[in-house]
Structures are given as structure tokens and as C-alpha cells.
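Here is the structure we will look at, set down as C-alpha cells.
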Amino acid sequence: MSEAIIRTTDLAKSYLSGDVTTHALRGVDLEIQKGSFTCIIGPSGHGKSTLMHLVGGLDRPTQGSVVLDGTDISRLDNSQLAKLRGDKIGFVFQFFNLLQGLTARENVEVAMMLAGVPEKEQASGALKLLDMVGLAEKADSKPSQMSGGQQQRVAIARALANDPAILLMDEPTGNLDSAAEAEVMEILRKLHKEGKTVVLVTHNNEIAKQAEHVICVKDGRISS
Amino acid sequence: MTLSKLVIKNITRRRGRFVFTLLGITIGIASFVTFLSMGGSLKSEINRESAALGANLVVTPMGACAYEQVSILTGELLPPNITMEDVAKIKGIKGLTSIAVLTQKSAINNKPVSINGINSAEMKPFKGWEMDKGAYLSGEDDASAVVGFAAADQFKLQPGSTIVVRGERLQVKGVLKETGSKDDVTVFVPMQLAQRLYKTGDKVSYVAVKVDNLALTDQYIQTIKETVNLGVVSDKQMLKSVLSIVGTVNITLQMIAAVSVLAAAFGIINTMMTATYERKREIGILQALGAKQRTIFTIFLLESGFYGVIGGITGVVVGLLVSTVAAPYISQNAFTSFVKGSGGTLIDPVTVVGSILFSAVVAIVAGVYPAWRAARLSPVEAISYE
Chain A
1 MSEAIIRTTD LAKSYLSGDV TTHALRGVDL EIQKGSFTCI IGPSGHGKST
51 LMHLVGGLDR PTQGSVVLDG TDISRLDNSQ LAKLRGDKIG FVFQFFNLLQ
101 GLTARENVEV AMMLAGVPEK EQASGALKLL DMVGLAEKAD SKPSQMSGGQ
151 QQRVAIARAL ANDPAILLMD EPTGNLDSAA EAEVMEILRK LHKEGKTVVL
201 VTHNNEIAKQ AEHVICVKDG RISS
Chain B
225 MTLSKLVIKN ITRRRGRFVF TLLGITIGIA SFVTFLSMGG SLKSEINRES
275 AALGANLVVT PMGACAYEQV SILTGELLPP NITMEDVAKI KGIKGLTSIA
325 VLTQKSAINN KPVSINGINS AEMKPFKGWE MDKGAYLSGE DDASAVVGFA
375 AADQFKLQPG STIVVRGERL QVKGVLKETG SKDDVTVFVP MQLAQRLYKT
425 GDKVSYVAVK VDNLALTDQY IQTIKETVNL GVVSDKQMLK SVLSIVGTVN
475 ITLQMIAAVS VLAAAFGIIN TMMTATYERK REIGILQALG AKQRTIFTIF
525 LLESGFYGVI GGITGVVVGL LVSTVAAPYI SQNAFTSFVK GSGGTLIDPV
575 TVVGSILFSA VVAIVAGVYP AWRAARLSPV EAISYE
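Chains as they are written, first to last, in this note's numbering: chain A, 1 to 224; chain B, 225 to 610.
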């Protein structure tokens, strides 16, 4: 029996904009098992990204709790949350979000620096990760010199820089053509096989079919 | 990758903005250093001059203010009421040595030089002069000149050269050894000759007095005042007056410089605020990667401080260059011509290090608010920023 790496209980998030309250999540209970490959699927604007932000400690819930690898992260202060993100989570975003002024290798090195990897070990570690995503030869290229698919693979290498317990991805293939999408998915399958927990948010059913588990979010709730 | 490397990469990414922001702080610090080093050199010259004045008391007209006293010493102003008769009366007082000086201005090759009429026989022991080249004035009838060391060097004068003062050709008889005082840039001629050339009658500029017993200085001041109807100031008072004038000028200049540094600080704030807006998404990425608020704050503060340190260094270099080039011109005014006119700039390590530190501190203080703004962004807000 595998154990849950993420467990949310009655998780809710609402935003107040002027006099209008928007309920992005309305009481979500979910469990994600360690080493699983899970897709969170649902239409745009129904709370998938909010759920990912809460699970990843980028945002705080209005109500309910998130337990990540045994820690109730809704009780952590900003500094502890940042440490948790640096220690346990690897994020990949739809728009790659690489630091534009830095090369591929430097982007991975920054994540290593923040994870506390000594400078001497960063260069070899970064090259190894870039090699793993098939981009060793692009190590000294800047994001503007790479295709979308290549940038997203660099982003995956960066997300792995801290050897995270869980990879959280928000529409990682949303901006890619099908060839690049296939490459990214191949890397994710490989990572999953190696034992990484992969959580992927998407609105693309074809992507969702490749996951072990699918959680559907609609109107801020889990629907089956 | 380290934080400092990341900071340097960030700051040099937008070269145009980097250069212009840097120029702001460079100009501010350069003007600060220029004024500071010129003021500093002026002050040290005055201190040196006072040590070399060789007098304890200076007799000038009654009630002359500090500016008038400086003007008298520099030859800008000839007091109307100090005559040879007064000089003789002062000489009659026991326990002091006195010497009259007539200071006038002239020019050699269109460059200003100070001409002093002196009693040659009394002046040499009074000042403790020694000859570098040639001979000293032989007496009151000797219609020739003795020039200071720096003046001889500047105008290529040596024993046998001639100079023209008020249309009269005078032979240079000798060159004095370097004294480190204003005497180095002065031409000395016998008193009567100076009085004739400048048609001053029997008037002199001031009388320098040396007191045998320093403990009785106050008493001598009183005696001189009673003997001749003139004012007496001690060299310390005189120095204080000059320093206060120079100090006022200095403070004014430094305030102008401080304003330019302040303007540069706002330039840094502006640049850093723009950077926090532009790099909002980047801040979110760093937060997602595990950067704490403290780390974001440090990155932005270091960027700001980097402007300060680099701007400080370039500012000090530019400032010292400017003050070295400008100092000889500035030394030609009424205040500064009192001191030795060679116009050397003082490169003081305290000024150099202090200015760079000042620049860094100003830049860091300027960076606090933008850094705080950057650090308090919420990760989701920052990362979702389009």
C-alpha cells in the first residue's frame, strides 16, 4: 500500500475583488500517492491552477488544510513555505518561466543555489540534468535562442535541480506543438518510472489519458 | 551560481539603464569629491601657511573684518592708514620684533604673482630664509628682486634674469630655498622700491610682529593698540577667520554636491522600482524555486549597493581628475590666493574610501524601499504577472 504524499481536507480558496467574492475552490478533499503520475483535469477557470498553487505552497487556503509529505503547510510562515518549496517541490509552468538573462545551465544553477547546492557542484549537476532532458548541447544558450519545447525541457531540468519529492506542473504542454509535447511527456514518463511523483494540471484530455490517475476539477470541486 | 553573480548578471542585463543610472551617481560623487578634496587642500595649505608666517601678531587697520584682513594679506586691499611712522612706533616697543610688508599684485607672462615690499635686512632673519641660488638683497638701495622657489621654477627665473614690474625692469638677484609657504610664489623687493612702483607713499599693507615672550602676548596687543591707532590680531585669530571663510565656502560647495548625490539616489530608487515592476514574474519564479523573502530583499539591495560601489569608485576617479585639473584656476581668487598658489590637490585616503562608502550607503538606503516592495510580493501574484 503506497502512502499519500499530498492530502487536502476541505480545501477552499476565495478571492475578494472589490465587493465581489470569487470562490475558486469550494472544499476539495484529495489524496495523491507517492510515486504516482496524476493529472488534474478540468475546464479553464475552474480552479485547477489554484489547487496546484495551494498544494505547492505558493498560496494560502482560505479554509481547510494541505498536508505535504507529512507537514501541514497551511500552518507554515512565509519563510518556512519558501524552504519547503525549495526542498520538496519542483514547479513547471505553462510559459516556461525561465530567467531570460541567464543561459540554460545558469537557470538550473540558480535553482541549485537556492536549494543550497555548493557552487562547485552546480555546473556538473546542471549539465547532468540538461543531458537528462536531451539539451546538454544547449547549456550555454539563452531562452531566446531556444524553441518552446527546448525551453520547457530546461524548465523541467530546473524543477529537478533540488531533487524534489514532487513535480507540480501547470499546463506544461499548453504552449507546445505536438512533437515538443511528445518529447516532454516522454521525459515525464521516464521520471515517473524512476519513482518521482508527478502531478500535472491540464485541460487536454489526450494528455490526461497518459496519467495513472485523473482528478477532475469543475466549479471549484472534485467531480468524478 | 551565487547571489553576487546573479546580481551582476541582473544589473548588467540592461546596459543602457545601467550606464545612465551609474552616470547619475558618478556625477554626484565626483562633484562631492571635487569640492571635498579642493576644500581639503585649501585647508591644509592654510595651516601650513600659518606655520610659515613666522609671526605671532599681525597689525592691520582697526576693526578690519576677516574678509578685509584676508584681502590685505593677499594684496587685494591696501589699508589707507598704516604708515612708516606707525611701523617705527611699533618697532620702538621693547620685547617684540616687527616687520612691515607691502603686498601688491603683479603679473609675469600674464600670470598673477604677488610682489612684497620688505625691509630686506630685517626680513631674512625674521623668516629664517636661506638662498637656493644667487645672492640676497644687499639693502634698501638695491633695486633688484629675490624670488621664491616655486615662482623661479614657474617663470624660469634665475640670478641675472629680469622681470618687469610696473614698467620697470628689475634684475633677479637670487632665488630663495623652498619654504613650503606662500613665500615660494612671491617676488620680494625692497620696501621703498615697492612703495615707489605702486605709488603708495609711505603706506604698508600690514606689520607682522613676533613676540619674545608668548605669555605676554595679550599685554603686547594692548601696548601696540595704545601706541598706534591700529588693530592687532593674533595669527591664530587670523587663521581662524580665514578658515571660517573657507569653511563657509566649503560647506556651501559640499551642500551643492550633497544635493547632486541625493538626486542620484532618487535615480537609483527609480531604476530599482522599475526593475521590481519589470521583473515581477522573475521574482515569482525565484520564490517558486524556494527563494525566501529575505533572499529577494538581499538580491535587490545588493543590486542597488552595486550601483553605489561602482558609481562611488568612478565618481572618486572623475572627481580627483577634475579637482586636479580645476584646482590651479580656482586658486586664483581672493580667498585662495592667500595660500600658496601652486594649487595641488590633496588625494586623501580618507576622502577616497569615505566617498566610496558614502556612495554605497546612499545607494543601499535608496534600495531599501524597492527591495522591500520586491520581497513582499506574493508568489502567485508575481508568477501570474503578465
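For glycine and all other residues, C-beta sits at the position ideal for the given N, C-alpha and C. A quick note: this is a predicted structure, and the numbers were derived from the prediction, not measured.
Alpha helix (DSSP H) segment containing B/M415, residue limits: 415-421 is the span of the alpha helix (DSSP H), which, as asked, contains B/M415.
Short CB-CB distance (under 8 Å) between B/L513 and chain A: B/L513 counts as touching chain A.
is_contact[B/M225, chain D] using C-beta, thresh 8 Å: Checking the listed chains, one finds no chain D in this structure; the protein chains it contains are A and B.
Contact set for A/V92: own chain, Cβ-Cβ below 6 Å, skip 5 residues either direction: The residues are A155, I156, A159, M169, P172.
Extent of the continuous beta strand (DSSP E) run through A/S17: Boundaries of the beta strand (DSSP E) around A/S17: 4-17.
Positions along the segment 175-203 of chain A whose CB lies within less than 9 Å of some CB in chain B: For the segment 175-203 of chain A, which is checked against every Cβ of chain B, not one residue is closer than 9 Å.
Three-state class that DSSP yields for B/E392 in the structure shown: DSSP, read as helix, strand or coil, puts B/E392 in strand.
Closer than 8 Å at the beta carbon, the chain B residues around A/E109: Within chain B, the residues whose beta carbon sits less than 8 Å from that of A/E109 are M225, listed in sequence order.
C-beta neighbour in chain B for A/R85, strict 8 Å: By this cut-off, A/R85 is an interface position.
Exposure of B/E450, with buried meaning 16 or more beta-carbon neighbours within 10 Å: Classification of B/E450: exposed, given that the 10 Å Cβ count is below 16.
Minimum C-alpha distance to B/S465 - residue among B/Y291, B/Y501, B/T447, B/L581: Taking B/S465 as reference, the option from B/Y291, B/Y501, B/T447, B/L581 with the minimal CA-CA separation is B/Y291.
Minimum Cβ-Cβ distance from A/D19 to chain B less than 8 Å: Not an interface residue.
Any C-beta of chain A under 8 Å from that of B/K516: Chain A, which has a Cβ nearer than 8 Å to the Cβ of B/K516, makes this yes.
For B/G565, the three-state DSSP class (helix, strand or coil): Confidence at B/G565 is low in this model, with a pLDDT of 40, below 50, so the placement of that residue is unreliable and no value is reported for it.
Where B/N340 sits in the DSSP three-state scheme: Three-state DSSP puts B/N340 in a strand.
Chain-order list of residues whose beta-carbon lies under 7 Å from that of B/M634 (same chain, five-residue window excluded): With chain B covering 225 to 610 only, the question about residue 634 of chain B has no answer from this structure.
Completely contained alpha helix (DSSP H) runs for the segment 103-174 of chain A, where each covers 4 or more residues: If one requires a minimum length of 4 residues, the alpha helix (DSSP H) runs lying completely within the segment 103-174 of chain A are 104-114, 119-132, 148-159, in chain order.
Straight-line Cα distance separating B/L545 from B/L438: Looking at the two C-alpha atoms, the distance is approximately 44 Å.
Nonlocal neighbours in the same chain, by C-beta distance under 8 Å from B/V585, ignoring five residues either side: Taken in chain order, the residues that qualify are G532.
Partner residues on chain A for B/L230, Cβ-Cβ distance less than 7 Å: In chain order: V110.
Exposure of B/E506, with buried meaning 16 or more beta-carbon neighbours within 10 Å: Result: buried.
Residue-chain proximity (B/V604, chain A), Cβ-Cβ < 8 Å: Yes - at least one Cβ of chain A is within 8 Å of the one on B/V604.
C-beta atoms of B/S344 and B/G358 nearer than 8 Å: B/G358 sits away from B/S344, with the two beta carbons spaced by 8 Å or more.
In DSSP terms, what A/C216 is bridged to: In DSSP, A/C216 forms a bridge with A/I41, A/S223.
Extent of the continuous alpha helix (DSSP H) run through B/A512: Boundaries of the alpha helix (DSSP H) around B/A512: 504-512.
B/I387 vs B/I332 beta-carbon contact at 8 Å: Yes; because the gap between Cβ atoms is below 8 Å, this pair is in contact.
Cβ of B/S380 within 8 Å of any chain A Cβ: The sequence shown places Lys at residue 380 of chain B, rather than the Ser named in the question. No, because no Cβ of chain A sits closer than 8 Å to the Cβ of B/K380.
Three-way DSSP call (helix, strand, coil) for A/H53 in this model: A/H53 carries a helical assignment under DSSP once its states are collapsed to helix, strand and coil.
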